[in-house]
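Undergrad: This is the structure I want to talk about, given as structure tokens.
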Amino acid sequence: MKRYLVIGNPIDHSLSPKLHNYWIKQNNLDAVYDKKSINEDGLKEIINNLKNDNVSGINITVPFKKTVIPFLDVLTPLAKETDSVNTIYKKENQIIGDNTDIIGFERSLKHINYSAKGKKAFILGAGGVAPSIICALKKIGISKITLSNRTRDKAKILKNKYTDLNLINWGETINSDIIINATSLGLQENDEIKLDYSKIGVNKLFYDVIYNPRKTKFLVNAKKFGNKIENGKYMFIYQAQLAFEIWHNIKPKIDAKVLGLLEND
Ligand code: NDP
12 MKRYLVIGNP IDHSLSPKLH NYWIKQNNLD AVYDKKSINE DGLKEIINNL KNDNVSGINI
72 TVPFKKTVIP FLDVLTPLAK ETDSVNTIYK KENQIIGDNT DIIGFERSLK HINYSAKGKK
132 AFILGAGGVA PSIICALKKI GISKITLSNR TRDKAKILKN KYTDLNLINW GETINSDIII
192 NATSLGLQEN DEIKLDYSKI GVNKLFYDVI YNPRKTKFLV NAKKFGNKIE NGKYMFIYQA
252 QLAFEIWHNI KPKIDAKVLG LLEND
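The sequence shown begins at 12 in this note's numbering and counts up by one.
Structural data, given as structure tokens:
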């Protein structure tokens, strides 16, 4: 039986095992997908499990998407560009690090028929997921990206890489077509992002990478002001679908049951 894992810290909240095990069963594969909480000093041992074929694939989540990189042999171009790895596997005796968050985000926009081409984006956050969102928006042909992060130095590091990023202070608002919450602010019920919604106007797309809770205050407020809203559910599903395809060479179905698996949590 092949074994797959998602590692992170904390990891309890992860719905990846539910999703992957559903697809494993649906496709009659002899495999199992678990979650494991580790500390940074446990990364080497986990990757060794992949080298020794005790594990066949690993998903990486907060906070190890970058710190895992030194333990890998090869990065795919997308993982290299974003310095972020969420999917690992062994190929021809080498440990490969890939990033499926970028395509996950891109496909989630396609799913809702949203074209970001030529539009202006405003990203809140400069953590691990931010470079994947920037990379996806650039691939699609966004015209301008403004970014704001509580810790400005982290935003500056991103600007070193993406020099055309427009940085503004945390708490400031800029009128944009698509406004993305890429922070973890919203995971807790009382979390609120200070934004001047009236400055942004109506009929814009507010996108929260968080999918649990389903409607953060960021989305509730945006809706009140007459905007479209989307949470991170489809990004999560599409990144998992691509990881599954990489590991098993099967593109699993995104059906009503898959959506239900995430809704019921
Ligand atoms: P990180 O921990 O790397 O980054 C956290 C970000 O949130 C930083 O920008 C941080 O700012 C900001 N932040 C945290 N607390 C506060 C606060 N109190 N006030 C202001 N800003 C705050 O996390 P990731 O980037 O990896 O993930 C961010 C979110 O995206 C998580 O909720 C994660 O679950 C979600 N996610 C969803 C995915 C999906 O498929 N839908 C995929 C990947 C992530 P600062 O730099 O100042 O600390």
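Cβ atoms here follow ideal geometry from the backbone N, Cα and C, with glycine treated the same way.
Which parts of the stretch 122 to 180 are runs of the beta strand (DSSP E), unbroken and 3 residues or longer, counting only runs that do not cross its ends?
TA: The DSSP assignment places 131 to 135 and 155 to 159 as complete runs of the beta strand (DSSP E) inside the stretch 122 to 180, in order along the chain (cut-off: 3 residues).
Undergrad: Please report the distance separating the alpha-carbon of asparagine 238 from that of asparagine 39.
TA: As a working note, residue 238 is residue 227 in the sequence shown. As a working note, residue 39 is residue 28 in the sequence shown. Those two C-alpha atoms are separated by around 42 Å.
Undergrad: Should the stretch 200 to 214 be called in touch with the stretch 223 to 237, which here means at least 3 C-beta pairs below 8 Å?
TA: Yes, the stretch 200 to 214 is in contact with the stretch 223 to 237.
Undergrad: For lysine 121, verify whether its CB is less than 7 Å away from any heavy atom of the ligand NDP.
TA: Along the sequence shown, one-based indexing puts residue 121 at 110. Lysine 121 Cβ: outside cutoff for every heavy atom of the ligand NDP.
Undergrad: Is leucine 16 helix, strand or coil by DSSP?
TA: As a first step, residue 16 must be located in the sequence shown, where it is residue number 5. Three-state DSSP puts leucine 16 in a strand.
Undergrad: Applying the criterion that 16 or more other CB atoms from any shown protein chain within 10 Å of the CB defines a buried residue, is asparagine 214 buried or exposed?
TA: One-based indexing of the sequence shown puts residue 214 at position 203. Exposed, since its Cβ has fewer than 16 Cβ neighbours within 10 Å.
Undergrad: Say the cut is 7 Å; is the CB of aspartate 109 nearer than that to a heavy atom of the ligand NDP?
TA: Taking the first residue of the sequence shown as 1, we reach residue 109 at position 98. Not under cutoff, so the answer is no.
Undergrad: How is the alpha helix (DSSP H) around glycine 271 delimited, first residue to last?
TA: To locate residue 271, count along the sequence shown from 1; it is residue 260. It spans 267 to 274 - the alpha helix (DSSP H) in which glycine 271 sits, taken as one unbroken run.
Undergrad: Given 8 Å as the limit, is there contact between the stretch 244 to 252 and the stretch 107 to 119, that is, 3 or more CB pairs closer than that?
TA: yes
Undergrad: What did DSSP end up calling glycine 108 once you bin it into helix, strand or coil?
TA: Position 97 of the sequence shown, counted from the first residue, corresponds to residue 108. Taken through DSSP and simplified to helix, strand or coil, glycine 108 comes out as strand.
Undergrad: In its own chain, which residues sit with a C-beta less than 6 Å from the C-beta of phenylalanine 247, not counting the 5 before and 5 after it?
TA: Residue mapping note: residue 247 aligns to position 236 of the sequence shown, counting from 1. Counting only Cβ-Cβ distances below 6 Å, and skipping sequence neighbours, we find Tyr222.
Undergrad: Which residues in the same chain have their Cβ closer than 7 Å to the Cβ of proline 81, if we skip the five residues on either side of it in sequence?
TA: For the purposes of this step, residue 81 is identified with residue 70 of the sequence shown, where counting begins at 1. Cβ within range, chain order: n/a, list empty.
Undergrad: Consult DSSP for isoleucine 189 and reduce its assignment to one of helix, strand or coil.
TA: On the sequence shown, position 178 is the one that residue 189 refers to. Looking at isoleucine 189 - three-state DSSP - the assignment turns out to be strand.
Undergrad: Judging by CA-CA distance, which residue of Lys131, Leu178 and Ile168 is the nearest neighbour of phenylalanine 217?
TA: Sequence index remark: in the sequence shown, residue 217 carries index 206 (1-based). Of Lys131, Leu178 and Ile168, the residue nearest in Cα terms is Lys131.
Undergrad: Name the residue from Gly136, Leu148 and Ala137 whose alpha carbon lies nearest to the alpha carbon of glycine 129.
TA: Numbered from its first residue, the sequence shown carries residue 129 at position 118. With distances taken between Cα atoms, glycine 129 lies closest to Leu148.
Undergrad: To the nearest angstrom, report how far apart aspartate 41 and histidine 31 are at their CA atoms.
TA: Mapped onto the sequence shown, residue 41 falls at position 30. Mapped onto the sequence shown, residue 31 falls at position 20. So the two alpha carbons sit approximately 12 Å from each other.
Undergrad: Is it buried or exposed for proline 74, if we count other Cβ within 10 angstroms and need 16 for buried?
TA: Residue mapping note: residue 74 aligns to position 63 of the sequence shown, counting from 1. The residue is exposed, with fewer than 16 neighbouring Cβ atoms inside 10 Å.
Undergrad: Between the alpha carbons of asparagine 180 and alanine 166, how many angstroms are there, rounded?
TA: The residue you call residue 180 lines up with position 169 of the sequence shown. The residue you call residue 166 lines up with position 155 of the sequence shown. Computed Cα separation, rounded: 10 Å.
Undergrad: Based on DSSP bridge pairs, tell me the residues matched to tyrosine 44.
TA: In the sequence shown, the residue the question calls residue 44 occupies position 33. DSSP output for tyrosine 44 lists Tyr15 as bridge partner(s).
Undergrad: Taking 7 Å as the cut-off, is the beta-carbon of aspartate 112 closer than that to any non-hydrogen atom of the ligand NDP?
TA: As a working note, residue 112 is residue 101 in the sequence shown. Aspartate 112 Cβ: within cutoff of the ligand NDP.
Undergrad: Are at least three pairs of beta-carbons, each pair with one atom in the stretch 179 to 195 and one in the stretch 131 to 143, less than 8 Å apart?
TA: yes
Undergrad: State the Cα-Cα distance for the pair serine 159 and isoleucine 57, rounded to the nearest angstrom.
TA: The residue you call residue 159 lines up with position 148 of the sequence shown. The residue you call residue 57 lines up with position 46 of the sequence shown. Taking the CA atoms as reference points, serine 159 sits about 34 Å from isoleucine 57.
Undergrad: Per DSSP, tyrosine 100 is paired with what?
TA: Stepping through the sequence shown from its first residue, residue 100 is reached at position 89. DSSP, once it has assigned bridges, lists Gly68 and Ile107 as partnering tyrosine 100.
Undergrad: First and last residue of the beta strand (DSSP E) that includes isoleucine 248?
TA: For the purposes of this step, residue 248 is taken as residue 237 along the sequence shown, with counting starting at 1. Segment 244 to 259 is the alpha helix (DSSP H) holding isoleucine 248; no beta strand (DSSP E) there.
Undergrad: Which residues does DSSP list as the beta-bridge partners of glutamate 51?
TA: The residue given as residue 51 occupies position 40 in the sequence shown. Looking at the DSSP assignment, glutamate 51 forms no beta bridge with any residue, so it has no partner.
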